[in-house]
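The working numbering numbers the first residue of the sequence shown as 4 and each following residue consecutively.
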Amino acid sequence: MNGKRVRPSIRDSLLKSAVTLFAQNGYNAVSLRDIAKAAAANVGSITYHFGSKAGLLREIYARHTEPMNARRRELLGEARRISDLDERLMAILRAYVVPAFISSSESDGGGAEFTRLRAIMSAEGNPDARAIIADAFDETSRAFVDAVAECLPGASRESLVWRSQFLLGGLYYTLINPERVTRLSGGKAEGDNREEAIRELVAATFASFRSLSEADAEPAPVVTKQRKRA
4 MNGKRVRPSI
14 RDSLLKSAVT
24 LFAQNGYNAV
34 SLRDIAKAAA
44 ANVGSITYHF
54 GSKAGLLREI
64 YARHTEPMNA
74 RRRELLGEAR
84 RISDLDERLM
94 AILRAYVVPA
104 FISSSESDGG
114 GAEFTRLRAI
124 MSAEGNPDAR
134 AIIADAFDET
144 SRAFVDAVAE
154 CLPGASRESL
164 VWRSQFLLGG
174 LYYTLINPER
184 VTRLSGGKAE
194 GDNREEAIRE
204 LVAATFASFR
214 SLSEADAEPA
224 PVVTKQRKRA
């Protein structure tokens, strides 16, 4: 080895700069010129490598989400072979949550930054971004909801989807703002402790989903008709 640092390629520099700018300012407010300037490149480099700003965003999502989704599918397949429904549900939730934390630590460009980008993309509602997000996550998300449904016979699809949405929100905020947990707990909980965060998020979501089955098992209230007085 000669000790020289390898300069990242123009393509990688554009991707890294775009992640940072989108996470800071949103998709709509960032121009191709902004990205090119941050990467010390020219606008033509973006169109050459990615075709458009939407093409650049699609590549960002592919780079970050494809390994995570592949790991989720692998763990989900293992979880679905567990016979006990409560144990299976717990394993399914870990299959969804754990890869997001691993990806957040190990993906190029910084996981918390990409998670912040995802949250902003979802909030902005740009049509291109929405289509890219759907392509990246919908198939895996449907498989996750299907697997949870197998553990909770009788639970409505709409309730399962709502609670999976709450899980996603909790996952976003836990990754983006871990210091809030440390601050509000007076230091008794460490927000950046990955294992602790996974354990608490999975436990809370398990209780949320499990309550659907318990609600279904409760008898409906009996409504008695009052006799009319003559």
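Ideal Cβ positions, reconstructed from N, Cα and C, are used throughout, including at glycine.
Check                                                                                                                                                           : Outcome
In three-state terms, what does DSSP make of Y30?                                                                                                               : coil
Can you find the residues in the same chain that come closer than 7 Å, C-beta to C-beta, to V148, ignoring five residues on each side of it along the sequence? : L163, V164 and S167
How is R91 classed by DSSP in three states: helix, strand or coil?                                                                                              : helix
Below 8 Å on the Cβ atoms is my guess for V205 versus M93; work out the distance and round it to an integer in Å.                                               : 7 Å
Just confirm the distance between the C-beta atoms of I179 and G29, as a whole number of angstroms; I'd bet it's less than 8 Å.                                 : Between G29 and I179 the Cβ distance is about 15 Å, and since that is not below 8 Å, they are no contact.
Please state if the CB of A26 and the CB of E116 are separated by a distance shorter than 8 Å.                                                                  : yes
State the Cα-Cα distance for the pair E81 and S48, rounded to the nearest angstrom.                                                                             : 43 Å
What does a CB cutoff of less than 6 Å around A200 pick up in its chain, not counting 5 residues either side in sequence?                                       : T177
P70 lies in the alpha helix (DSSP H); which residues open and close that run?                                                                                   : K56 to A82
Who are the near neighbours of I13 in its chain, counting only those whose CB is closer than 6 Å to its CB and skipping five residues on each side?             : A44 and S48
Quick one: what does DSSP say E199 is sitting in, helix, strand or coil?                                                                                        : helix
According to DSSP, simplified to helix, strand and coil, what is K19?                                                                                           : helix
Which stretch, first to last residue, makes up the alpha helix (DSSP H) that contains L174?                                                                     : R160 to I179
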